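Chemist: Dumping the structure here so I can ask a few things about it.
There are 4 protein chains.
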Amino acid sequence: MPLKVVIIGGGSSYTPEIIEGFILRHHSFPVDEVVLVDIEDGKEKLEVVGQLAQRMIDKSNVKITLRWTLDRKEALRGADFVSTQIRVGGLEARALDERIPLKHGFIGQETNGAGGMFKAFRTIPVLLELADEMTELCPNAWLINFTNPAGIVTEALLKHSKHQKVIGVCNIPFNMRNSVAEILHAPVEHVSIEFIGLNHFIFGRQVLVNGVDRTADVLAALRQGNDYSPANIVGLGWSESFLNSIKMLPNPYHQYYFQTRDVLAKDLQAYEENGTRAEVVQEVERRLFEQYRDVSLDVKPKELEQRGGAYYSDAACNLMDSLYNDRGDIQTVNTLNQGTIRDLPEDAVIEVNAVITKAGPRPLSIGSLPLHLRGLITNLKTFEQLTIQAAISGKYEDAYLAALMNPLIQDEKRIDALLEELFRAHHLYLPQFQLKEVLS
Amino acid sequence: MPLKVVIIGGGSSYTPEIIEGFILRHHSFPVDEVVLVDIEDGKEKLEVVGQLAQRMIDKSNVKITLRWTLDRKEALRGADFVSTQIRVGGLEARALDERIPLKHGFIGQETNGAGGMFKAFRTIPVLLELADEMTELCPNAWLINFTNPAGIVTEALLKHSKHQKVIGVCNIPFNMRNSVAEILHAPVEHVSIEFIGLNHFIFGRQVLVNGVDRTADVLAALRQGNDYSPANIVGLGWSESFLNSIKMLPNPYHQYYFQTRDVLAKDLQAYEENGTRAEVVQEVERRLFEQYRDVSLDVKPKELEQRGGAYYSDAACNLMDSLYNDRGDIQTVNTLNQGTIRDLPEDAVIEVNAVITKAGPRPLSIGSLPLHLRGLITNLKTFEQLTIQAAISGKYEDAYLAALMNPLIQDEKRIDALLEELFRAHHLYLPQFQLKEVLS
Amino acid sequence: MPLKVVIIGGGSSYTPEIIEGFILRHHSFPVDEVVLVDIEDGKEKLEVVGQLAQRMIDKSNVKITLRWTLDRKEALRGADFVSTQIRVGGLEARALDERIPLKHGFIGQETNGAGGMFKAFRTIPVLLELADEMTELCPNAWLINFTNPAGIVTEALLKHSKHQKVIGVCNIPFNMRNSVAEILHAPVEHVSIEFIGLNHFIFGRQVLVNGVDRTADVLAALRQGNDYSPANIVGLGWSESFLNSIKMLPNPYHQYYFQTRDVLAKDLQAYEENGTRAEVVQEVERRLFEQYRDVSLDVKPKELEQRGGAYYSDAACNLMDSLYNDRGDIQTVNTLNQGTIRDLPEDAVIEVNAVITKAGPRPLSIGSLPLHLRGLITNLKTFEQLTIQAAISGKYEDAYLAALMNPLIQDEKRIDALLEELFRAHHLYLPQFQLKEVLS
Amino acid sequence: MPLKVVIIGGGSSYTPEIIEGFILRHHSFPVDEVVLVDIEDGKEKLEVVGQLAQRMIDKSNVKITLRWTLDRKEALRGADFVSTQIRVGGLEARALDERIPLKHGFIGQETNGAGGMFKAFRTIPVLLELADEMTELCPNAWLINFTNPAGIVTEALLKHSKHQKVIGVCNIPFNMRNSVAEILHAPVEHVSIEFIGLNHFIFGRQVLVNGVDRTADVLAALRQGNDYSPANIVGLGWSESFLNSIKMLPNPYHQYYFQTRDVLAKDLQAYEENGTRAEVVQEVERRLFEQYRDVSLDVKPKELEQRGGAYYSDAACNLMDSLYNDRGDIQTVNTLNQGTIRDLPEDAVIEVNAVITKAGPRPLSIGSLPLHLRGLITNLKTFEQLTIQAAISGKYEDAYLAALMNPLIQDEKRIDALLEELFRAHHLYLPQFQLKEVLS
């Protein structure tokens, strides 16, 4: 049987990355057919990206059949892997998620706080529809979800769709492992980090190089200013006391929770100078697509790395390769907790090291959370579950509760105004919410 | 055997309340002997309060022997009940707990945030010493702890002393029940409220009047502006959306967590106008003691109610009465979780409805926390446990962690400066901390 | 509104007990109307019992309207309390439950082992139907379930019917408390026993008399041969080592689990001498009904106490009284675990001390089971849940699993023959099971 | 640094197996030094086995230095791995463990029931002493424990010694995997079985061959009489209903729990015909040592396989190899539960699939036990923990409780006599028990 991969949101500027990944790994993960799928609004971009991808494949001499289409159902039939990299509402919606909270005095970020909550509200119904189609058309295919907020979206899929072959992936752990390898001058394949927590809220509890504990060395490097923030986050560094107390590796997104005031100030200033990150990215995208249209381009252009998604393609391809080949290596994925973290519900999704087998990821047991992380991780998970509840119920009250229990919002008196503006801005993508009263 | 009660911090301005309580309940709780205990610094106040208490007893005609002393050990011998109402460092220390955080941009409050944390640091060692003395001198006596932060202090005692007959009491649930009775025009003894949570972080999940659910009526009254804040907290009201979503009765202290920005602004303004709450209270105290000195005064003066501790005496006396008489009624106390709330550790202290028997409180089972409270309550409990850990270990790192995990602080970059100033201010009362490096 | 009680299985020989209870408690629990309901097969008994009950009421001078009917739906309309004391298949079915297991080398008992399992299979569908009718016809009525196995049946109702106002009652804890009061020469109302466990598998962890621990005294009495077995169980006494080790009060049904070999021998001998307990009871019943028919009888006859259900009526009437009057006293009932026992699922039914309010029972928190009980209680609960699963699914495999996990059966090679004979014997009452293959 | 392995109980007849293992794996696990240790009583056997091992090494041409000694402390210094294969009291003690219970009507087996309990009582103090010596003399060495009951002993070590580098190993999962590979005609390295449970009480929940689920095929083979019992257990086969219901692979030791009556009959008959298994093994041993003494023997003799410990050496060597090389493969070991199985305590030892790294085993998360296993596994674990408690406390009451809660004993009236005889028989090896009263 031919090995078929379908990429939902195939017109994304990231697509050349994953195409490159398929080409480089063709010896071990021999993709026969790739189908890029997008929606009517993305038709023109899909065409541009599709033609670039075809030129890349042609140049490479590997045998991959490529197609692009707007007919998702047709594309899904018989797929082995379906990868999602969609953005419901596009970068325009992201700009609103970033700008509106700032205006109300809250951090505006596309995966945390109010912005992440509304991205989840827009995304969950679309991906549930996709999952239903997969149950019908390719029931044995793995859905590899990259769409943010990846942890929340993956949990929503596992809770509310019949399709249970779903894994969420994020490049942050991948990125941290690579950065730590650089810091320690060790080959990345010798480095393992025990991650505990949730997507965008993981800590690295222990760094092992060939089984030897090097955590203290990495913390020492961080104390001296080493950093591993991706392109889309400007790190503010961590104080000595913070690192001495927490004794684990923070991830770049922790700045939103532990440096809230400074990040808000920084973001407001950046916004005044350059607009939102979405607007910066729109300009990057414009330039990327200019290059993509150049018919002499037949490789992934360097500039793509500025996009913030470095290693996304590696993360995706490694995962598909291990699933396909029953490889049994350890990767960091978003999957069901079961009992891995004792403090969280069994049906919660966590970001965790797991052995990747053909039958799916098998998480490594963690046990009880260390006391000093228990509160915040439980708190974040509560927010995530309230967000899913609201995304499904479409009730204003549920959205209010999710906002109230998000540590970046939590301001009883300002939530109504914040939500009202966000619901108004995004209402076209939120048909599940019945907001007549609230917005009238 | 004579029934003996010892009041630690007997020179407090609150003492006339509890003396009044003993007088009024003498038919069912026939106290034979009351000993007021205080420290050298409180000698003069103890004398004033002791003489007023004696005049009150004389007037009442009940047979209670009263003494006051600075010799705690002598006083404890043979006690049946020991009640604590101490304030380590006095109102001066409280003023620092309120003022210093404000200066750093944080809420300054004596039971929450950085102020509550330092109050716990100062209080825990003193009460552990008391508990050890009780184990030796009156092993069967109940320690009724009123000293704030009452939940944290009670948990520290149950975890780190041999004396296990300890119950923490707060007037907030007592107060809420009375206010709700007023709102519903029902006799308070017909009203029961199911409380869930932690001291100063409880919610009223269900209001029953003679077993009939009246929660919605109370919420409706709150929506219309009804309030039940004690004298020391200025309520800001609750939005309709908040009450519609949470569907439970908040307690007055919730404003610190859900209205943080507004409370901070309000407190800053109040501070500029009147100084800290401690300073306001110092003035109230000054006037109270002026009255207490008046040898013609032989009842509890009205002005005492402005002090914020309304119902404290009722709460204390009712509890002692039920313990003494094996009454089996339901009261709200701070006691071991055991399995009452499934999401919290068994050895955590919670504030909970319990059947009060001679053998101690028997909490009514709660089960899992409702999803929307799970995160915050777990978070607060984590903070509490980190605070206890720091109070015992005396390590700066542990204090930093507690601050980091407190939702009112959590600001990685500003904690060092905040802690440094607080440690400097309170160092005389914190011998367990070895802070040379930090404060040098 | 008149207070109406409906008794399902009203033609039972026990009915005079509960009628006596209503008469004696009429001042505090003023029943206006009692309806006895039975099925066509029980028509004649219903008539006899109804007339005796009428004579008892007439004699008492209390104002209770009594009716008896075969029309259950008509009877239920407007009920406040519905009490069940049915026996699906009658004493004939019980005799089979007792005889068939014995034949296969297993204990035959109507609430434990294979007998109890089949009693549950027969009873659960009938009571689920009743609960559905109640949801429609008297949604606010409490269902007080006495039908054995009371714990299993109550859990099945709470899990599989919409009607959630269900409480299971057993006379064993009532009985134990009375016996302990006698042993200690204390008024029963001063005695409280902390019960932990499951119906027919509870232990008394602590005996308090007016709040003073008297557990050791009761254990000493048991060591000297004191016993508190009901009429239907012949106690074999407990060894000193057993009582010294377990340090709690066993209940009479523990003999099945801890004295299995001796009980089996005893039961086999008794069976050879007198037939099954069901057959003994049939004879008692025959004599009772002879008396009931005597139109000069207008009180509960003494002989009824030989039936084994002593205190059933007290247990039932006390419970209804407290629910009706929001009394807030503590009774031992079968109700949802929620979090009361940490080791058991939240939706399991346990037998537990609870505060009885108009809004239902509020269990007293227990926490983790003592280590030495954890295994057996979890094991029994597993059996109970597998039994419910089988009673609902009607699958042979599920029934096999339940038998396999019952400590009194567990014999992989003999279960098929045992089940086959039981299914054959009871098939008329087990329409939910599709057993063609098994029984062909 | 030279790689040093110490074998405690080096005079065992199994030693040639592990020596062969070291020889065959020398390319990847390059042992430099092996020290065989035994006690005075085993001096002569140690000499015989040592000389055979030396001849095997000489023949193989690998560079391993071999020594044998009675001085355990001297041997331990600088060790990297310490493997235990001791039998406190020798086969004579085993014979008593097997014979005495049979006499009282209980199964006599060296790892289950009363026999296993007393083996634990004898073994735990000896291995705790070893662990203490290791903490002093080779703190970084792994203790690989083969001594049965392996799960109980490993848990006792992890709970009561400072030395935390302890892993328990059993050949049963190894054996099952090999047998399943044969049944499926698949190379064993392509087969993985998800094991859940406890040592000698594991089930195989899922069989994967290259990631494809083949569980049903293995169950079908078992239904047709395929078996995978080791030499020391005579399998009785499993009924179709059992396999259809349980839907998992039983292990050979399950016969003791699910076929108790038949196994007891079988064992009684075997005992009458051939004496206990210990006596059979004594004869095998005698013949083995006759061969070992033959100076022309320089390989492991075939007959060793009749001993019942097939694959023990493979299990041991594979584990040491993976620990040494940080291999990251999955092996089935006895290690701390942490949160792997949600229903069991975090500090319990379970038998579980784990990724083997230089930093130790990392168990794969399991979550909640399937309902139908929950009861029995919790029950067994309770017994195990009570056994450890008794082995440490030395209290008769604790031993009684452990026996009472063992599903193979549980007979309140017969435990005293059973224990008395076992304590009398083994008292020389049970100095921790103070049994004057019991045995007088």
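Note that the protein sequences, when read in sequence, are chains A, B, C and D. Number 498 marks the last residue of the first sequence (this note's numbering); no jumps. Number 498 marks the last residue of the second sequence (this note's numbering); no jumps. Number 498 marks the last residue of the third sequence (this note's numbering); no jumps. Number 498 marks the last residue of the fourth sequence (this note's numbering); no jumps. From the three backbone atoms N, C-alpha and C, an ideal C-beta is built for every residue, glycine too. Just so we're clear, the structure is a prediction, and the values are computed from it rather than from any experiment.
Starting from B:S141, trace the alpha helix (DSSP H) both ways and give me its first and last residue.
Modeler: Element bounds for B:S141: not the alpha helix (DSSP H) but the beta strand (DSSP E), 139 to 142.
Chemist: Are there three or more Cβ pairs, one per stretch, closer than 8 Å when the segment 95 to 104 of chain B is compared with the segment 126 to 142 of chain B?
Modeler: These segments touch.
Chemist: Quick test of the definition: if touching needs 3 or more C-beta pairs under 8 Å, does the segment 65 to 82 of chain D touch the segment 303 to 322 of chain D?
Modeler: No, they do not touch.
Chemist: Since A:N268 meets chain D, which of its residues come closer than 7 Å, beta carbon to beta carbon?
Modeler: The contacting residues are D384, K416.
Chemist: So that I know if they touch, is there some Cβ in chain A lying closer than 7 Å to that of D:P421?
Modeler: Taking Cβ atoms only, chain A reaches closer than 7 Å to D:P421, which makes this a yes.
Chemist: What does DSSP give as the partner residue(s) for D:S250 in the beta ladder?
Modeler: Answer by DSSP bridge pairing, in chain order: D:L266.
Chemist: Looking only at C-alpha atoms, which of D:D138, D:I165, D:E78 sits nearest to D:P60?
Modeler: Minimum Cα distance to D:P60 is reached at D:D138.
Chemist: Can you pull the chain C neighbours of D:S71, defined as C-beta to C-beta under 7 Å?
Modeler: Result: empty, since nearest Cβ-Cβ is about 34 Å, beyond 7 Å.
Chemist: Output the distance between the C-alpha atoms of D:K223 and B:I182, rounded to the nearest integer angstrom.
Modeler: Each residue's alpha carbon lies about 37 Å from the other.
Chemist: Buried or exposed for C:K117, please, with buried defined as at least 16 other CB atoms from any protein chain shown within 10 angstroms of its CB.
Modeler: The residue in question, C:K117, is exposed, as its Cβ has fewer than 16 Cβ neighbours within 10 Å.
Chemist: Checking 7 Å against the spacing of the C-beta atoms, do B:T440 and B:I424 come in under that value?
Modeler: Not closer than 7 Å, so no.
Chemist: Assuming D:T205 contacts D:L185 under a Cβ cut-off of 8 Å, what Cβ separation, rounded to an integer in Å, is found between them?
Modeler: Indeed they touch by this definition, with Cβ atoms about 7 Å apart.
Chemist: Residue ranges of each beta strand (DSSP E) run of no fewer than 3 residues wholly in the segment 361 to 422 of chain B, ordered along the chain?
Modeler: Whole beta strand (DSSP E) segments, 3+ residues: 388 to 394, 407 to 415, 418 to 421.
Chemist: Quick one: which residues of the segment 293 to 315 of chain B get their C-beta closer than 8 Å to a C-beta of chain A? List them in chain order.
Modeler: Within the segment 293 to 315 of chain B, the residues whose Cβ lies closer than 8 Å to some Cβ of chain A are L294, W296, S297, S299, F300, N302, S303, I304, Y315, listed in chain order.
Chemist: Can you name the start and end residues of the beta strand (DSSP E) that B:R125 belongs to?
Modeler: Counting along the chain, the beta strand (DSSP E) containing B:R125 begins and ends at 123 to 127.
Chemist: Let me make sure I understand the geometry here. Which of B:H258, B:N257, B:V249 has the alpha-carbon closest to that of B:Q264?
Modeler: Out of B:H258, B:N257, B:V249, B:V249 has the C-alpha closest to the C-alpha of B:Q264.
Chemist: Where D:G166 and D:F176 are concerned, what is the direct C-alpha to C-alpha distance, given to the nearest angstrom?
Modeler: The alpha-carbon atoms of D:G166 and D:F176 are separated by roughly 11 Å.
Chemist: Does DSSP put D:D96 in a helix, a strand or coil?
Modeler: Three-state result, D:D96: coil.
Chemist: Answer with yes or no whether the minimum CB distance from C:G397 to chain D is below 7 Å.
Modeler: So no, C:G397 is outside the interface.
Chemist: Can you have a look at A:L497 and say buried or exposed, based on whether 16 or more other CB atoms are within 10 angstroms of its CB?
Modeler: A:L497 is exposed by the Cβ-count criterion.
Chemist: What does DSSP give as the partner residue(s) for C:D190 in the beta ladder?
Modeler: Beta-bridge pairing links C:D190 to no other residue.
Chemist: Is it a yes or a no for the segment 357 to 366 of chain D touching the segment 390 to 405 of chain D, going by three-plus beta-carbon pairs under 8 Å?
Modeler: Taking 8 Å as the limit for Cβ pairs, the verdict is that the segment 390 to 405 of chain D does not touch the segment 357 to 366 of chain D.
Chemist: Are the beta-carbon atoms belonging to B:S380 and B:I414 less than 7 Å from one another?
Modeler: Yes; because the gap between Cβ atoms is below 7 Å, this pair is in contact.
Chemist: For D:N233 and D:Y286, what's the separation of their Cα atoms in angstroms?
Modeler: Spanning the two alpha carbons is a distance of roughly 7 Å.
Chemist: In this structure, does DSSP put D:D116 in helix, strand or coil?
Modeler: Helix at D:D116.
Chemist: Evaluate C:V357 with the Cβ neighbour count: other Cβ atoms within 10 Å of its Cβ, from every protein chain shown; 16 or more gives buried, anything less gives exposed.
Modeler: Counting Cβ neighbours within 10 Å, C:V357 comes out exposed, since fewer than 16 surround it.
Chemist: Less than 7 Å between CB atoms is the rule here; does D:L427 satisfy it with respect to chain C?
Modeler: For D:L427, the answer is no, since every Cβ of chain C falls outside 7 Å of its Cβ.
Chemist: Over what stretch of residues does the beta strand (DSSP E) that includes D:V224 continue unbroken?
Modeler: Where D:V224 is concerned, the enclosing beta strand (DSSP E) stretches over 224 to 226.
Chemist: Alpha carbon to alpha carbon, how far is A:G173 from B:N376?
Modeler: Approximately 50 Å between the Cα atoms of the pair.
Chemist: Determine which residues of the segment 442 to 466 of chain B have a Cβ less than 7 Å from any Cβ of chain A, and write them out in chain order.
Modeler: The residues in question are Q443, L444, E455, Y458, L459, L462, M463, P465.
Chemist: What's the gap between the Cα of A:Q443 and the Cα of A:K453?
Modeler: Approximately 14 Å, taken between the alpha carbons.
Chemist: For the segment 299 to 311 of chain C and the segment 453 to 471 of chain D, state whether three or more C-beta atom pairs, one from each stretch, are separated by less than 8 Å.
Modeler: The segment 299 to 311 of chain C vs the segment 453 to 471 of chain D: in contact.
Chemist: My assumption, with CB atoms under 8 Å, is that C:I81 sits in contact with C:M114. Please give the rounded CB distance.
Modeler: Sure, about 7 Å apart at Cβ, within 8 Å.
Chemist: Please list, in chain order, the chain B residues whose beta carbon lies closer than 8 Å to that of A:T318.
Modeler: By Cβ distance, chain B contributes Q468, D469.
Chemist: Return the first residue and the last residue of the beta strand (DSSP E) that D:N203 is part of.
Modeler: Here the beta strand (DSSP E) through D:N203 covers 200 to 203.
Chemist: Suppose you measure from the CA of D:L154 to the CA of D:K101; what does that come to, to the nearest Å?
Modeler: The straight-line gap from Cα to Cα measures roughly 23 Å.
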